[in-house]
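Residue numbers (the UniProt record's numbering): 1 to 152.
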Amino acid sequence: MSWLKEVIGTEKAVIAMCHLRALPGDPGFDTRKGMNWVIDRAHDDLMALQNGGVDAVMFSNEFSLPYLTKVRPETTAAMARIIGQLMSEIRVPFGVNVLWDPVASFDLAMATDAKFIREIFTGAYASDFGVWDTNVGETIRHQHRIGAGHVK
Numbered sequence: 001m002s003w004l005k006e007v008i009g010t011e012k013a014v015i016a017m018c019h020l021r022a023l024p025g026d027p028g029f030d031t032r033k034g035m036n037w038v039i040d041r042a043h044d045d046l047m048a049l050q051n052g053g054v055d056a057v058m059f060s061n062e063f064s065l066p067y068l069t070k071v072r073p074e075t076t077a078a079m080a081r082i083i084g085q086l087m088s089e090i091r092v093p094f095g096v097n098v099l100w101d102p103v104a105s106f107d108l109a110m111a112t113d114a115k116f117i118r119e120i121f122t123g124a125y126a127s128d129f130g131v132w133d134t135n136v137g138e139t140i141r142h143q144h145r146i147g148a149g150h151v152k
């Protein structure tokens, strides 16, 4: 059985993105609007996606620009707060993606009970945020260390 069938219930899943607005610590974070505004926007997006019939949702810090390959703790903490506040409204399986940090993605998945993550684990890349050389050994050891073997 594929992980899609196991986790989401279908082989051809529509996984929609809930792109979180800029978070505390991000240059684009609006301190006047604050976290409640970010949470309200995420709530609106989540409701629209679920009402549209998606099979799953993935939460991502899409507006944490410019991206980091090792995010700061406030990013993961803010994402955990947002997902935690939305938890009672989430009606579909969900995953997380802390751009571009697979270790933080596993940490967030464990903190929120996300069923899957999306991240790049192998290879070296020249990207819009510089040269990035992944470390699959470090990532998989971290996944094992925190007991996240069930996270797809």
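The beta-carbon is built from N, C-alpha and C at its ideal position, and this holds for glycine as well.
Could you check the C-alpha separation between residue i and residue j for me, to the nearest Å?
i	j	result
histidine 150	proline 27	34 angstroms
glutamate 74	methionine 17	21 angstroms
phenylalanine 29	threonine 122	31 angstroms
alanine 114	phenylalanine 106	9 angstroms
valine 54	glutamate 89	14 angstroms
valine 7	lysine 33	36 angstroms
glutamate 11	glycine 25	38 angstroms
alanine 13	methionine 35	31 angstroms
glycine 9	phenylalanine 116	13 angstroms
glycine 147	alanine 111	11 angstroms
residue 153	leucine 49	Examination of residue 153 is not possible in this model, given that the chain is present from 1 through 152 alone.
arginine 145	leucine 68	23 angstroms
Quick one: is residue i buried, meaning 16 or more other Cβ sit within 10 Å of its Cβ, or exposed?
i	result
arginine 21	buried
valine 136	exposed
proline 66	exposed
tryptophan 100	buried
methionine 87	exposed
serine 64	buried
valine 131	exposed
methionine 79	buried
threonine 31	exposed
residue 173	In the structure as shown, the chain starts at 1 and stops at 152, and residue 173 therefore has no counterpart that could be examined.
alanine 109	buried
Give the secondary structure of residue i by DSSP, where H, G and I count as helix, E and B as strand, and everything else as coil.
i	result
asparagine 97	strand
glycine 130	strand
alanine 48	helix
isoleucine 117	strand
alanine 78	helix
alanine 124	strand
glycine 53	coil
proline 73	helix
threonine 31	coil
threonine 10	coil
lysine 152	coil
Can you find a heavy atom of the ligand ATP that lies under 7 angstroms from the Cβ of residue i?
i	result
aspartate 128	Of ligands this structure carries none, so the ligand ATP is not represented either.
Taking the DSSP output, what are the residues bridged to residue i?
i	result
methionine 58	Met17, Gly95
Given 8 angstroms, three or more beta-carbon pairs between the stretch 87-99 and the stretch 51-70: yes
Is the stretch 76-88 touching the stretch 30-43, taking contact as three or more C-beta pairs under 8 angstroms? yes
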